[in-house]
Each structure stands twice: as C-alpha cells, then as structure tokens.
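The structure under discussion appears below in the form of structure tokens.
Residue numbers (the working numbering): 3 to 214.
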C-alpha cells in the first residue's frame with residue numbers, strides 16, 4: 003500500500019511517452035487505409051478497373067484474319083475500279099481490269115474512243131453525175147485500235163491549188179454512217195461510206211479528211 007493511504011485503483015497512471023493513451027472503442031467502425039479513402043473520393047474514371055487480360059489470338063482467329071485481309075483488299079480494289087471506270091476505260095492498260103470489274107459488278111464501260119487509230123484506206127471525190135455543183139465523196143476507213151469503237155466524227159476540208167481552205171465541216175457519225183452498218187467498228191474492221199456535199203468553189207482541187 004502506498005504511503006499516502008490510497009489504493010492502487012485510485013492511483014493515476016502516467017501517460018504513455020509521446021502523448022495520451024487512447025483506449026479503442028469496440029463499437030467504432032474499423033479504420034480505413036489512405037489508399038481506400040482516396041479510392042472512395044476519386045472520380046469514377048480515375049478509379050482502377052478490373053480489366054480482363056487479353057491473350058494472343060487463337061489459331062482459328064488467325065486463319066480467319068488471313069482470309070479476311072486479302073478479301074477486304076480485293077473488295078477495296080474492286081470499288082476503286084468501279085468508281086473510276088470511265089477514266090480507266092480510256093487507258094489501254096487499265097481497260098481490261100475495268101472490264102473484268104464490270105463483269106463482276108454487271109456494269110457497262112463507255113465505248114473505246116481512239117480517233118488516231120482510224121485509218122483512211124481510200125477516198126474518191128468527184129462531181130455528182132446528176133446534180134451540178136454537188137460532189138460525191140466515197141471513202142473506206144479501218145479501225146486499227148485494240149478494242150471496238152464507235153464511228154468517229156469526220157472532218158472534211160476542201161482547198162484550192164494554193165492550199166487555201168474553201169470550205170470545212172464536221173460530220174457526226176449518224177450523218178455519214180451507212181444505215182446497215184454496225185454502230186461500233188470491230189478491231190481491224192473496214193467500212194465504206196458515201197457523202198454528197200455542195201462544192202464551195204469551182205477552184206476546189208484538194209480534199210483533207212480528219213477524225214475526231
């Protein structure tokens with residue numbers, strides 16, 4: 003017993019070093035760590051999410067990928083050919099590809115147009131035997147292009163002995179193509195036509211043909 007007569011239960015215990023001793027309350031909720039407290043107050047887009055790990059593709063997925071890539075590439079090329087088929091059809095290198103694409107898509111290509119490949123084989127200009135002042139023009143042309151093409155525009159120029167043009171005119175295909183002739187000339191095909199024109203001057207001695 004202490005000398006002052008107090009009991010041990012009445013003696014005040016000295017505080018623990020560094021501050022008062024706090025007895026935990028059993029009814030209080032458990033303390034949370036700082037990381038848990040931050041996760042509760044952080045915005046949803048900053049909170050960590052449990053994203054499942056993505057593994058390497060399976061053998062079946064790899065086979066499907068190798069099949070899909072060439073198919074998509076072919077489809078993309080086909081779409082480019084169809085979208086620009088009018089311009090590509092005018093190129094002798096690209097026309098077969100454009101024609102193949104149109105075969106698959108069931109579309110049509112514009113007719114081949116190459117006036118420089120039309121050759122004039124023979125021509126004959128003479129006075130009309132029944133009408134004065136009228137000339138008869140007979141000529142034969144040939145399509146030397148690789149593809150069928152429509153009859154071209156025909157330009158006829160009449161000149162005098164000094165080379166001065168006395169008259170010139172362009173003729174549309176419907177104006178000089180024979181009625182029984184096909185609309186398109188096959189490669190290597192020949193065709194003959196006839197024109198009746200008014201003689202612009204009695205001094206007409208030269209004739210020039212051109213195609214466009």
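Here a beta-carbon is modelled for each residue, glycine too, at the ideal position from N, C-alpha and C.
As the structure is a computational prediction, the values presented were derived from the model and not from experiment.
Asked: Local Cβ density within 10 Å of residue 114, reported as buried at 16 or more and exposed below that; Found: buried
Asked: One or two residues paired with residue 198 in a DSSP bridge; Found: 138
Asked: Contact check, residue 147 vs residue 159, beta carbons under 8 Å; Found: no
Asked: Beta-carbon proximity of residue 187 to residue 150, cut-off 8 Å; Found: yes
Asked: Environment of residue 161 [buried if 16+ CB atoms lie within 10 Å]; Found: buried
Asked: Endpoints, beta strand (DSSP E) assigned at residue 159; Found: 156-161
Asked: Distance CB(residue 180)-CB(residue 195) smaller than 8 Å; Found: yes
Asked: Inter-residue spacing [alpha-carbon to alpha-carbon] between residue 39 and residue 68; Found: Annotation note: pLDDT 47 at residue 39 (below 50); position unreliable, coordinate value reported separately. One C-alpha to the other measures close to 49 Å.
Asked: Assigned exposure category for residue 154 - 16 Cβ within 10 Å defines buried; Found: buried
Asked: Span of the beta strand (DSSP E) around residue 172; Found: 167-173
Asked: DSSP beta-bridge partners of residue 153; Found: Residue 153 is not bridged to any residue.
Asked: Residue burial classification, residue 8 (beta-carbon count within 10 angstroms, cutoff 16); Found: Residue confidence for residue 8 is low, a pLDDT of 48 falling below 50, so the modelled location carries little weight and cannot support an answer.
Asked: Alpha-carbon spacing of residue 93 relative to residue 207, whole angstroms; Found: 39 Å
Asked: Closest by C-alpha distance to residue 141, when choosing among 72, 99, 125 and 169; Found: 125
Asked: Residue 169 beta carbon less than 8 Å from that of residue 202; Found: yes
Asked: Reduced DSSP category for residue 94 - H, G, I as helix; E, B as strand; rest coil; Found: coil
Asked: Exposed unless 16 or more other CB atoms sit within 10 angstroms - verdict on residue 137; Found: buried
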